[in-house]
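Below you'll find the structure, written out as structure tokens, and then a few comments.
There are 2 protein chains.
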Amino acid sequence: MKTDRAIVLLSGGIDSSTTLAIAKSQGKQLTVVTFDYGQRHKCEINAARNIAGSLNVEDHVMVKIDLRQFGNSALTAPIKVPKGRSAREIGTGIPITYVPARNTIFLAYALALAEARQANKIFIGANAVDYSGYPDCRPEFIQAFEKMANLATKAGIEGNGIAIEAPLTNFSKAEIIKLGTELKLDYSLTFSCYDPIEDGLSCGECDSCLIRKRGFAESGVTDPTRYVIKLKV
Amino acid sequence: MKTDRAIVLLSGGIDSSTTLAIAKSQGKQLTVVTFDYGQRHKCEINAARNIAGSLNVEDHVMVKIDLRQFGNSALTAPIKVPKGRSAREIGTGIPITYVPARNTIFLAYALALAEARQANKIFIGANAVDYSGYPDCRPEFIQAFEKMANLATKAGIEGNGIAIEAPLTNFSKAEIIKLGTELKLDYSLTFSCYDPIEDGLSCGECDSCLIRKRGFAESGVTDPTRYVIKLKV
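For the protein sequence lines, the chains are A and B, in the order given.
150 is the number that this note's numbering gives to position 150 of the first sequence; each next residue is one higher, with no gaps.
1048 is the number that this note's numbering gives to position 48 of the second sequence; each next residue is one higher, with no gaps.
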């Protein structure tokens, strides 16, 4: 069993890109996986390609999965993305942009890839601070997945086991941005908007844009993002 | 929350087809899900369609997923399927036909579908007796998945929770066949072979054919399967 390879889930947003930079800084050999899951915008996928390239990742697997046929989320079905919500509104309840069981599906694929590549770690940029409403971003979910993963796999039964690392779980967005900036991550390559106007141009009003803006403002790092609407946060 | 709908994973083999018959006998509204996961034979998928039809299932979701790009299994990559092995050989170690994290991926999709359809049960035909070598068929895996699923989802956090039912876990193949026969399941529609000669014609020598033959022999039910090789079991 090779013990120096890790799988990293990369969407192209701030959290997963920073998580990739952390894994890279630990000197691991990396296999990066990005999902084309029928999201309404492809900017995320372009961002993931650019970020992986900027960190010299050689093994980048793109997995096409179709969650649109299941419906029930503003990110994959024709439901209106909420705009201009306050920080308090964003932090309350499970948002409409929640994609059912998304992180479970992503981690399940990462687990298959870990078995195939003989990797013993999976990094995910799950964060429980800004997105407290997503049940599958919480540390108790990550721990339960890790336990299940070690009962599900050859690596868990016969090998050294699989660890699920979510290094950003308890970081605020500002702390994440400060950490990534120390690691020389180029945030102009990342993309967060739920409802972009065109490739690389963010709406500036959706929950994800508002959280991103506030994160940069609080971090003291200059925000390199191109927004259409310059709402104050 | 509707509490009378269940998701059933259906491959078209004996175990999942019997599990569907059990769920049906409980009077639930059913959503059946079948995966086209790049397996080398499509007979399974045809069998699944026929079985679901014979049980009057109205909501049958086909999900295409590509595990071939991950490699590392005789069922999805060009590795030779073992033939003519003894019951003892079949029961030892993790077989080459193991697909990494397959049940984890299947259950993750079923979980997404359960959220989308507001179902509160997922039925899976996992069996720990004949396939003791597959880590993700064991009851401890199913229990760990259920625990994780309830931390991952809206249903787990805000609703009535999700139960993962694996009613055949501790049944022998003969017991499964006897139960399905009592439920009037037509086993001539099911398909098990790992290496079929053509649609509906089983090799008769792979582990799956040998387990199937032995199951029918021990159950006392006439085996309706068309095998090329009539190896004694």
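Even for Gly, the Cβ is constructed at its ideal location relative to N, Cα and C.
If you're wondering where the values come from, they're calculated on a predicted model, not measured in any experiment.
For chain B, check one thing: does any of its Cβ atoms lie closer than 9 Å to the Cβ of residue i?
i	result
Glu198(A)	no
Glu205(A)	no
Asp15(A)	no
Gln67(A)	It should be noted that the sequence gives Leu, not Gln, for residue 67(A). At least one chain B Cβ lies under 9 Å of Leu67(A).
Lys28(A)	no
Val129(A)	no
Met1(A)	Its pLDDT being 45, under 50, Met1(A) is placed unreliably by the model, and the measurement read from it follows with that caveat. Met1(A) does not count as touching chain B.
Strictly under 9 Å for the Cβ-Cβ distance: is residue i near chain A by that measure?
i	result
Phe1145(B)	yes
Leu1010(B)	no
Lys1184(B)	no
Tyr1109(B)	yes
Lys1083(B)	no
Val1063(B)	yes
Interface residues of chain B around residue i at Cβ under 8 Å?
i	result
Gly156(A)	Pro1135
What residues of chain A sit near residue i, judged by a beta carbon separation below 9 Å?
i	result
Thr1153(B)	Pro100, Ala101, Thr104, Pro135, Asp136
Phe1141(B)	Met148, Leu151, Ala152
Once you ignore the five residues that flank residue i on each side, which residues in its own chain have a CB closer than 6 Å to its CB?
i	result
Val32(A)	Val8, Leu10, Ala52, Val57, His60
Tyr227(A)	Ser202, Gly204
Glu993(B)	No statement about residue 993(B) is possible, as the shown extent of chain B runs from 1001 to 1233 and does not include it.
Lys1024(B)	Leu1055
Ser172(A)	Val129
Glu1044(B)	Ser1011, Gly1012, Phe1191
Leu183(A)	Ala21, Ser25
Gln1029(B)	Asp1004, Arg1005
Glu1218(B)	Ala1174
Tyr37(A)	Ile65, Leu67
Within the same chain, show all residues whose beta-carbon is closer than 7 Å to that of residue i, passing over the 5 residues directly before and after it, in chain order.
i	result
Ser1016(B)	Leu1009, Leu1010, Gly1125
Ala983(B)	Residue 983(B) is absent from the structure shown; chain B starts at 1001 and stops at 1233.
Glu35(A)	The identity of residue 35(A) in the sequence shown is Phe, whereas the question assumes Glu. These residues qualify, in order along the chain: Val63, Ile65, Phe106.
Thr190(A)	Gly12, Gly13, Ile14, Ser17, Ala47, Ile51
Pro224(A)	Tyr187, Ser188
Asn170(A)	Ala128, Val129
Ile229(A)	Cys203, Gly204, Glu205
Lys1083(B)	Glu1205, Cys1206
Terminal residues of the continuous beta strand (DSSP E) containing residue i?
i	result
Tyr1009(B)	Going by the sequence as given, residue 1009(B) is Leu instead of Tyr. Per DSSP, Leu1009(B) belongs to the beta strand (DSSP E) from 1005–1009.
Lys1184(B)	Segment: none, Lys1184(B) is in no beta strand (DSSP E) and carries neither H nor E.
Asp199(A)	No beta strand (DSSP E) holds Asp199(A); DSSP gives it neither H nor E.
Asp59(A)	59–64
Which chain A residues are close to residue i, counting only those with a beta carbon under 7 Å from its beta carbon?
i	result
Leu1113(B)	Phe70
Tell me which residue opens and which closes the alpha helix (DSSP H) that residue i is part of.
i	result
Leu210(A)	207–219
Leu30(A)	It is not in any alpha helix (DSSP H) - Leu30(A) instead sits in the beta strand (DSSP E) that spans 29–36.
Lys24(A)	14–25
Ser54(A)	43–54
Tell me which same chain residues have a C-beta within less than 8 Å of the C-beta of residue i, skipping the five on either side of it?
i	result
Lys1154(B)	Glu1115
Asp136(A)	Ala101, Arg102, Asn103, Thr104, Ala126
Leu1113(B)	Ile1007, Thr1031, Val1033, Val1061, Ala1119
Arg85(A)	Asp207, Leu210
Ala152(A)	Leu111
Glu1146(B)	Ile1162, Ala1163, Ile1164
Thr196(A)	First, the residue type needs correcting, since residue 196(A) is Pro and not Thr in the sequence shown. Answer for Pro196(A): His41, Cys43, Ser202, Cys203, listed in chain order.
Val221(A)	Ile177, Lys178, Thr181, Tyr187
Ile1142(B)	Ile1124, Ala1126, Ile1164, Ala1166, Thr1169
(request) Enumerate, from N- to C-terminal direction, the unbroken beta strand (DSSP E) stretches of 3 or more residues contained entirely within the region 114–177 of chain A. (result) Whole beta strand (DSSP E) segments, 3+ residues: 121–123, 163–165.
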